[in-house]
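Visitor: In order, the protein sequences belong to chains A and B.
Positions 1 to 436 (the UniProt record's numbering) are the ones given, in order, by the first sequence.
Positions 1 to 570 (the UniProt record's numbering) are the ones given, in order, by the second sequence.
Could you have a look at this structure, given as structure tokens, before my questions?
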Amino acid sequence: MRLIKKNLDRGLSGELRLEPEEQEDMWHAYNLIAVGDSLRASTVRKVVQTTDTGTSTTTRKRMTLTIDVKTVSYDSAACALRIKGCTIEENEYVKKGSYHTLDLELHNAFTLHKHEWDSIAMDRVEMACNPAHQADVAAVVMHEGLANVCLITEHLTIHRQKIEHTIPRKRKGLCAQHDRGMEKFFDTIIAAIIKHIDFSLIKAVIIASPGFIKDQFFQYMLNKATRDDERRLLENRNKFLLLHSSNGFKHALTEILQDPLVLNRLSDTKAAEEMKLLDQFMRLLNDEPEKAYYGLEVVEKANQSQAIEYLLITDELFRNIDFTKRRRFVQLVDSVKESGGTVRLFSSMHASGERLSQLTGIAAILRFPMPDLDLFDEHHHHHAEVTNEEQDELENDNLSHNPNRPVHHFDNTDDDQSMDNNRTFKENSRAEASAW
Amino acid sequence: EDVLPPTRGRLTSRDELDTQFDMDTEDDKARSKAAAIPIRQSDLDTLPSRVATLKISERIDRSISPQKKSKSTIDSPSVTPRQGVSPAPVSRRSENTPSGVTSTLKRRPIAADRTNTLRDYNERLEGRDLLNLVVVGHVDAGKSTLMGHLLVKLKVVDDRAMHRNRTEAARLGKDSFSFAFVLDESEEERSRGVTMDIAQAQFKTKTKIVNLVDAPGHKDFIPNMINGAAQADVGILVVDSRRGEFETGFEYGGQTREHALLLRSLGVSQLICAVNKMDTIEWSQDRFEEIVKKLSAFLKPSGYKDADVTYVPVSGWTGENLITPNNPPLSWYNKDESTSNTTVNGVIHGATLVDLIDRLKPPERPISKPFRFCISDIYRATGVGAGTVSIAGRIECGGVEVNERAILRPSNDQVTIKSIQIENTNVTSAFAGDNVTLNIQGVDPTHLFIGNVVCDPEYPIPCATVIQARIIIFNISVPIIPGTPAVFHFKSMQEQAKIMTLVEELDRLTGELKRRNPRLLPKNSSGVIELVLHRQICCELYSDVKELGRFMLRQSGLTMAAGIITRIIT
Numbered sequence: 001m002r003l004i005k006k007n008l009d010r011g012l013s014g015e016l017r018l019e020p021e022e023q024e025d026m027w028h029a030y031n032l033i034a035v036g037d038s039l040r041a042s043t044v045r046k047v048v049q050t051t052d053t054g055t056s057t058t059t060r061k062r063m064t065l066t067i068d069v070k071t072v073s074y075d076s077a078a079c080a081l082r083i084k085g086c087t088i089e090e091n092e093y094v095k096k097g098s099y100h101t102l103d104l105e106l107h108n109a110f111t112l113h114k115h116e117w118d119s120i121a122m123d124r125v126e127m128a129c130n131p132a133h134q135a136d137v138a139a140v141v142m143h144e145g146l147a148n149v150c151l152i153t154e155h156l157t158i159h160r161q162k163i164e165h166t167i168p169r170k171r172k173g174l175c176a177q178h179d180r181g182m183e184k185f186f187d188t189i190i191a192a193i194i195k196h197i198d199f200s201l202i203k204a205v206i207i208a209s210p211g212f213i214k215d216q217f218f219q220y221m222l223n224k225a226t227r228d229d230e231r232r233l234l235e236n237r238n239k240f241l242l243l244h245s246s247n248g249f250k251h252a253l254t255e256i257l258q259d260p261l262v263l264n265r266l267s268d269t270k271a272a273e274e275m276k277l278l279d280q281f282m283r284l285l286n287d288e289p290e291k292a293y294y295g296l297e298v299v300e301k302a303n304q305s306q307a308i309e310y311l312l313i314t315d316e317l318f319r320n321i322d323f324t325k326r327r328r329f330v331q332l333v334d335s336v337k338e339s340g341g342t343v344r345l346f347s348s349m350h351a352s353g354e355r356l357s358q359l360t361g362i363a364a365i366l367r368f369p370m371p372d373l374d375l376f377d378e379h380h381h382h383h384a385e386v387t388n389e390e391q392d393e394l395e396n397d398n399l400s401h402n403p404n405r406p407v408h409h410f411d412n413t414d415d416d417q418s419m420d421n422n423r424t425f426k427e428n429s430r431a432e433a434s435a436w
Numbered sequence: 001e002d003v004l005p006p007t008r009g010r011l012t013s014r015d016e017l018d019t020q021f022d023m024d025t026e027d028d029k030a031r032s033k034a035a036a037i038p039i040r041q042s043d044l045d046t047l048p049s050r051v052a053t054l055k056i057s058e059r060i061d062r063s064i065s066p067q068k069k070s071k072s073t074i075d076s077p078s079v080t081p082r083q084g085v086s087p088a089p090v091s092r093r094s095e096n097t098p099s100g101v102t103s104t105l106k107r108r109p110i111a112a113d114r115t116n117t118l119r120d121y122n123e124r125l126e127g128r129d130l131l132n133l134v135v136v137g138h139v140d141a142g143k144s145t146l147m148g149h150l151l152v153k154l155k156v157v158d159d160r161a162m163h164r165n166r167t168e169a170a171r172l173g174k175d176s177f178s179f180a181f182v183l184d185e186s187e188e189e190r191s192r193g194v195t196m197d198i199a200q201a202q203f204k205t206k207t208k209i210v211n212l213v214d215a216p217g218h219k220d221f222i223p224n225m226i227n228g229a230a231q232a233d234v235g236i237l238v239v240d241s242r243r244g245e246f247e248t249g250f251e252y253g254g255q256t257r258e259h260a261l262l263l264r265s266l267g268v269s270q271l272i273c274a275v276n277k278m279d280t281i282e283w284s285q286d287r288f289e290e291i292v293k294k295l296s297a298f299l300k301p302s303g304y305k306d307a308d309v310t311y312v313p314v315s316g317w318t319g320e321n322l323i324t325p326n327n328p329p330l331s332w333y334n335k336d337e338s339t340s341n342t343t344v345n346g347v348i349h350g351a352t353l354v355d356l357i358d359r360l361k362p363p364e365r366p367i368s369k370p371f372r373f374c375i376s377d378i379y380r381a382t383g384v385g386a387g388t389v390s391i392a393g394r395i396e397c398g399g400v401e402v403n404e405r406a407i408l409r410p411s412n413d414q415v416t417i418k419s420i421q422i423e424n425t426n427v428t429s430a431f432a433g434d435n436v437t438l439n440i441q442g443v444d445p446t447h448l449f450i451g452n453v454v455c456d457p458e459y460p461i462p463c464a465t466v467i468q469a470r471i472i473i474f475n476i477s478v479p480i481i482p483g484t485p486a487v488f489h490f491k492s493m494q495e496q497a498k499i500m501t502l503v504e505e506l507d508r509l510t511g512e513l514k515r516r517n518p519r520l521l522p523k524n525s526s527g528v529i530e531l532v533l534h535r536q537i538c539c540e541l542y543s544d545v546k547e548l549g550r551f552m553l554r555q556s557g558l559t560m561a562a563g564i565i566t567r568i569i570t
């Protein structure tokens with residue numbers, strides 16, 4: 001993505017002009033454009049013109065429209081972005097307030113105006129405009145009868161094709177049908193590889209399977225390529241990596257990304273790093289469960305004690321329409337960064353991001369163990385609700401002291417004071433727990 | 001409560017692992033009456049409206065118990081009343097149907113209808129019991145060689161074929177694999193010297209007809225092994241007795257443990273442990289007893305009962321102690337005749353492998369339940385008419401005859417069964433427990449997948465995408481949290497699944513509720529979970545049909561959990 005113009009007042013509201021250059025930029029734009037923003041871009045609209053005689057003709061005209069964003073949808077297979085909204089500015093062809101659907105196109109610049117450009121959005125813009133490119137990897141995972149062809153980029157895992165064949169089993173004296181079935185299966189996979197994989201962009205092609213199918217396939221593919229004189233396969237044959245996976249389903253991708261062979265070849269792939277961190281979190285859940293927690297309230301509580309070392313959060317949470325919730329997440333991220341922790345944004349298009357979003361989308365690895373943090377959560381649901389209301393009040397500068405409760409300062413910048421308050425907070429909760 | 005007549009066949013009392021899986025019969029009745037879920041009409045639009053909705057568990061179960069010595073059982077199959085229901089007369093109209101749905105179907109009494117075919121069935125069995133046997137063990141333990149040699153000795157494989165195998169083996173430079181080539185027939189398997197997929201054969205002993213399934217031992221091929229073990233009633237666990245080899249197979253990475261656990265979870269309760277390659281250690285008695293001790297220490301807590309496990313020293317390569325006892329080196333094993341029937345820690349002195357197979361107790365076959373046939377292989381056979389497809393698999397319950405109509409689930413195609421083949425010979429009927437090949441007509445080939453079920457059109461099998469199940473978790477390194485992906489192994493198919501919700505955590509030994517909505521399920525625990533599958537599968541509740549209610553969950557090459565289906569949600 002290219003940043004063409006930046007116009008921000010006091011770093012908060014303003015507009016940015018961006019030009020998407022590749023497919024991944026659509027994904028970044030999806031994460032940037034939120035409901036309530038205004039978007040200005042060149043688009044095509046059907047215009048109805050009625051002549052005096054009554055005949056109406058519809059023509060499609062290209063024009064620049066500004067719309068107030070109502071819905072944003074992303075098609076992962078085609079990497080296309082559709083934005084629906086009402087027009088804000090008057091045009092000679094279009095009335096104000098009429099609905100329009102915008103399809104963002106590559107190499108067509110758009111201007112995005114937001115009321116509030118928070119740190120997450122700015123990070124996203126930086127990520128998108130970063131010219132340094134990391135490895136693009138294609139992967140084919142298979143087992144007998146099933147194969148999945150995927151493309152793994154920095155932020156996306158694009159599933160290209162799923163191939164499924166019923167292959168007859170070997171039977172007493174009749175192995176021919178099995179062999180023939182395997183050959184047909186391999187042929188389909190080779191066709192898929194040629195169709196979906198652009199060898200000029202791809203750094204490596206991983207073929208993974210349990211057992212010996214990958215070797216069988218690789219041999220067959222090379223033989224077929226020499227027979228049919230398929231240049232692309234023959235020239236790029238050393239880009240092919242043969243790895244072991246336990247099955248041919250999509251989630252086997254996570255296994256192969258952790259293989260040391262892969263890590264050697266493609267160091268610092270974001271997907272691999274994310275997977276490593278998630279794996280670390282899982283192991284901690286097993287070995288030291290008091291240092292690993294998931295769920296928003298629990299993580300926020302842990303954050304109050306400045307306990308968070310790594311915060312794992314998916315970008316799906318930031319696409320949330322609910323403004324207050326999004327603010328909560330942003331504040332959590334900011335406070336973790338300020339207290340010296342690391343925030344890892346997981347792309348929800350990667351397998352690791354999907355996994356994390358099953359777990360509510362937010363998880364934390366703590367610096368020191370904090371026992372029974374979620375037990376509080378179970379018993380004190382309404383208690384948590386109340387404290388958040390208080391937090392909102394504080395933000396709005398509406399401090400009305402509740403004589404029965406000490407004031408909680410959720411501002412973590414002031415160390416001494418916050419420590420004291422945190423201690424009293426915990427003591428109070430514990431007292432209430434015993435009363436419960 | 002009626003006193004149940006003594007049942008022959010599978011022992012009805014179990015402990016440990018099975019207590020959690022075994023539903024109490026009273027529970028069954030209470031639960032099934034409380035939650036009568038009629039088969040949804042919307043799924044079966046193509047079927048005539050008179051679809052029965054009687055749940056299987058409410059029917060009288062009249063399974064056929066295995067062969068008595070006299071032939072007089074042909075006319076009156078023995079009735080084993082279950083669930084406290086007295087043996088009422090056959091008329092089905094007296095049975096309860098769930099309120100609101102009355103079936104106008106004239107139900108033909110199953111027993112009377114099949115007497116002719118049952119007679120054929122009994123003739124086919126020739127007074128022997130049918131048994132499905134699976135051979136498992138760590139890679140290179142000698143499973144294929146052992147079984148190949150046994151087949152040669154029993155004259156199932158003739159000399160010419162054996163000679164061909166020997167020359168082929170010599171050509172590939174793998175002389176010691178010549179017996180294994182009886183079962184490993186594809187190019188890949190022979191050149192690499194590993195069994196990759198299950199191989200099937202049949203042989204007859206004095207009292208049994210055995211359907212043999214040779215399973216691969218390699219870690220990557222465990223899905224195929226699960227397929228083979230799911231069809232089996234009993235198992236042979238082969239271990240390599242050489243120094244160091246046994247230990248490798250037996251420690252945590254090896255397959256000896258994993259296979260034994262998998263077999264148990266799939267319902268196999270009787271096991272013969274064949275301690276193989278004894279000729280290389282000169283039939284040492286000490287080593288044999290050491291292995292027996294280690295194995296029994298592991299098998300007992302895994303859920304195998306002492307009475308159901310036997311041990312035998314054999315040599316697959318030389319063929320000793322397979323059929324005939326081998327006197328000089330095995331004199332310590334072949335004690336005098338007076339003690340030949342006593343078992344000491346599962347070692348029956350003087351028994352050869354075939355003797356032990358004869359002693360196994362065949363299970364009861366649910367012949368009176370509605371017809372269910374799980375497809376494990378699909379192909380077009382030569383010599384059959386156009387438009388027919390051959391499907392191979394095992395009949396889980398019920399029976400089928402030629403020219404009968406059936407329905408394919410989940411696609412609901414109506415098919416006709418053109419012919420039935422067992423071991424390449426045409427038969428007119430087949431019953432539960434048989435491994436058959438059906439030639440069917442009337443199916444759309446794009447609807448046919450491995451894992452589909454051909455069933456009785458009046459009692460179609462339910463299909464599910466979201467199920468609730470009770471699982472036992474094995475020794476895993478990462479605890480189970482909501483959203484954990486896993487591979488769902490069921491019969492001959494594997495499908496991607498996700499563990500959506502953790503409903504309860506249960507105590508592993510007693511089955512009591514420990515915690516509701518747990519945050520995670522640690523290793524070696526037990527719990528109730530909800531699973532979402534990526535594709536519809538055909539399955540039954542474990543309480544209705546045991547064979548169609550068991551599954552395994554695996555991930556990254558390791559077995560995570562074994563489970564039973566307790567509820568079908570959608």
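Built from N, CA and C at the ideal position, the CB exists for glycine as well.
Nothing here was measured: the structure is a model prediction, and the numbers come from that model.
Shorter than 7 Å, the distance from the beta carbon of B:Ser477 to the closest heavy atom of the ligand GDP, or not?
Guide: With respect to the ligand GDP, the structure offers nothing, as it holds no ligand at all.
Visitor: So, do the stretch 363 to 379 of chain B and the stretch 544 to 560 of chain B have three or more beta carbon pairs nearer to each other than 8 Å?
Guide: Flag = yes, the stretch 363 to 379 of chain B and the stretch 544 to 560 of chain B touch.
Visitor: For residue 437 of chain A and B:Glu187, what's the separation of their Cα atoms in angstroms?
Guide: It is not possible to answer for residue 437 of chain A, since the shown part of chain A is limited to 1 through 436.
Visitor: Mind listing the chain A neighbours of B:Pro485? Cutoff is C-beta to C-beta under 7 Å, in chain order.
Guide: His251, listed in chain order.
Visitor: Give the interface partners of B:Glu188 over in chain A, defined as CB-CB distance under 8 Å, in chain order.
Guide: Residues of chain A passing the Cβ test: Phe212, Gln216.
Visitor: Would you report the Cα separation of A:Leu12 and B:Thr566, rounded to the nearest angstrom?
Guide: Approximately 55 Å, taken between the alpha carbons.
Visitor: Using a cut-off of 7 Å between C-beta atoms, extract the partners of A:Glu255 located in chain B.
Guide: Within chain B, the residues near A:Glu255 are Ser556.
Visitor: Could you tell me whether any Cβ in chain B is nearer than 8 Å to the Cβ of A:Lys170?
Guide: With 8 Å as the cut-off, A:Lys170 counts as an interface residue toward chain B.
Visitor: Tell me whether A:Ser119 is buried or exposed, calling it buried when 16 or more other Cβ atoms sit within 10 Å of its Cβ.
Guide: So A:Ser119 counts as exposed.
Visitor: Please go through the same chain and pick out, in chain order, the residues whose beta-carbon is closer than 6 Å to the beta-carbon of A:Ile362, but skip the five residues on each side of it.
Guide: Taken in chain order, the residues that qualify are Leu296, Val299, Ile313.
Visitor: Nearest chain A C-beta to B:Gln468 closer than 8 Å, yes or no?
Guide: Cβ-Cβ to chain A under 8 Å: no for B:Gln468.
Visitor: By a C-beta neighbour count over all protein chains shown, 10 Å radius and 16 as the cutoff for buried, is B:Lys206 buried or exposed?
Guide: B:Lys206 is exposed by the Cβ-count criterion.
Visitor: Quick one, which of A:Tyr74, A:Thr55, A:Lys46 has its alpha-carbon nearest A:Asp25's?
Guide: Answer by Cα proximity: A:Tyr74.
Visitor: Determine whether the beta carbon atoms of B:Arg394 and B:His489 lie at a separation below 8 Å.
Guide: For B:Arg394 and B:His489, no; Cβs fall outside 8 Å.
Visitor: Skipping 5 residues on each side, what residues in its chain have a beta carbon closer than 7 Å to that of A:Ile4?
Guide: Arg17, Leu18, Glu19, Ala109, listed in sequence order.
Visitor: Classify B:His163 as helix, strand or coil using the three-state DSSP reduction.
Guide: In this structure, B:His163 counts as helix in the three-state DSSP scheme.
Visitor: In terms of alpha-carbon separation, which member of B:His447, B:Asp233, B:Val436, B:Thr248 lies closest to B:Gly137?
Guide: The shortest C-alpha separation from B:Gly137 is found at B:Thr248.
Visitor: Per DSSP, what are the beta-bridge partners of A:His100 in this structure?
Guide: Bridge partners of A:His100: A:Gly85.
Visitor: Classify A:Cys86 as buried or exposed, calling it buried when 16 or more other Cβ atoms lie within 10 Å of its own Cβ.
Guide: Exposed: under 16 other Cβ atoms inside 10 Å.
Visitor: Suppose only complete runs of 4+ residues qualify. What are the alpha helix (DSSP H) ranges in the stretch 142 to 205 of chain A, listed by chain order?
Guide: DSSP runs (the alpha helix (DSSP H)) wholly in the stretch 142 to 205 of chain A: 176 to 196.
Visitor: Can you give me the C-alpha to C-alpha distance between B:Asn517 and B:Glu505, rounded to a whole angstrom?
Guide: Cα to Cα, the separation comes out at about 8 Å.
Visitor: Excluding five sequence neighbours on each side, which residues of the same chain lie with their C-beta closer than 7 Å to the C-beta of A:Leu373?
Guide: If we look at A:Leu373 and ignore the five residues flanking it on each side, its Cβ neighbours are Tyr293, Val298, Lys301, Ala302.
Visitor: Please state whether the Cβ-Cβ distance between B:Arg257 and B:Tyr304 is less than 8 Å.
Guide: Cβ atoms of B:Arg257 and B:Tyr304: not closer than 8 Å.
Visitor: Per DSSP, which residues does A:Ser38 bridge with? Please list them.
Guide: BP columns for A:Ser38 point to A:Asp68, A:His113.
Visitor: For A:Lys84 and A:Leu39, what's the separation of their Cα atoms in angstroms?
Guide: If I take the Cα positions, the gap works out to 10 Å.
Visitor: Bridge partners of B:Gly393, per DSSP?
Guide: Paired residues: B:Ile375, B:Val436.
Visitor: Given 8 Å as the limit, is there contact between the stretch 186 to 202 of chain B and the stretch 143 to 154 of chain B, that is, 3 or more CB pairs closer than that?
Guide: Touching, yes, given that three or more Cβ pairs across the two stretches are closer than 8 Å.
Visitor: Compare the C-beta of A:Leu234 against all C-beta atoms of chain B and say whether one is closer than 8 Å.
Guide: No, because no Cβ of chain B sits closer than 8 Å to the Cβ of A:Leu234.
Visitor: Could you pull the start and end residues of the beta strand (DSSP E) that B:Lys155 belongs to?
Guide: Counting along the chain, B:Lys155 falls outside any beta strand (DSSP E), and DSSP gives it neither H nor E.
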